[in-house]
Amino acid sequence: MQRTQSPLLARLSRVNPTGVFLAALALVLVGLLTPGVAGGVLLLLLAAGLVALLRLTWPVQRPATRLIRLLMLTLLVAVALAKLL
Numbered sequence: 000m001q002r003t004q005s006p007l008l009a010r011l012s013r014v015n016p017t018g019v020f021l022a023a024l025a026l027v028l029v030g031l032l033t034p035g036v037a038g039g040v041l042l043l044l045l046a047a048g049l050v051a052l053l054r055l056t057w058p059v060q061r062p063a064t065r066l067i068r069l070l071m072l073t074l075l076v077a078v079a080l081a082k083l084l
């Protein structure tokens with residue numbers, strides 16, 4: 000590990016991507032299928048985690064990837080807010 004590299008990023012790089020994808024997919028499905036405020040809050044918690052991850056990985060992403068991630072995050076937040084209302 001380099002001196003400038005975050006220990007959190009080093010730990011995240013060892014995580015199984017398929018497992019993370021399936022866990023995020025399960026959280027999205029549970030959030031979408033859970034009625035009312037509980038589903039909206041779950042989706043907002045997932046969005047908050049994704050914002051933290053996006054913030055950590057922002058410097059190493061290409062501009063096109065950044066745009067796609069921001070669009071998907073915006074869509075997730077919009078759906079979560081719609082469930083809250």
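Residue numbers (numbering that gives the first Met the number 0): 0 to 84. The C-beta atom is built at its ideal place from N, Cα and C for all residues, glycine as well. The model shown is predicted, which means the values in this text are computed figures rather than measured ones.
> If we count Cβ pairs, one from each stretch, closer than 8 Å, do we get three or more for the segment 25-41 versus the segment 71-82?
Replying inline: Yes, they touch.
> residue 66 and residue 46: beta carbons closer than 7 Å?
Replying inline: No. Outside cutoff.
>> Taking only three categories from DSSP, how would you classify residue 84?
In response: Looking at residue 84 - three-state DSSP - the assignment turns out to be coil, as it is neither helix nor strand.
> From which residue to which residue does the alpha helix (DSSP H) around residue 27 run?
Replying inline: Counting along the chain, the alpha helix (DSSP H) containing residue 27 begins and ends at 16-32.
> CB-CB under 8 Å to residue 72, same chain, minus the five flanking residues each way: which ones, in chain order?
Replying inline: Result list for residue 72: 46, 49, 50, 53, in chain order.
> residue 68 to residue 43, Cα distance in whole Å?
Replying inline: About 16 Å.
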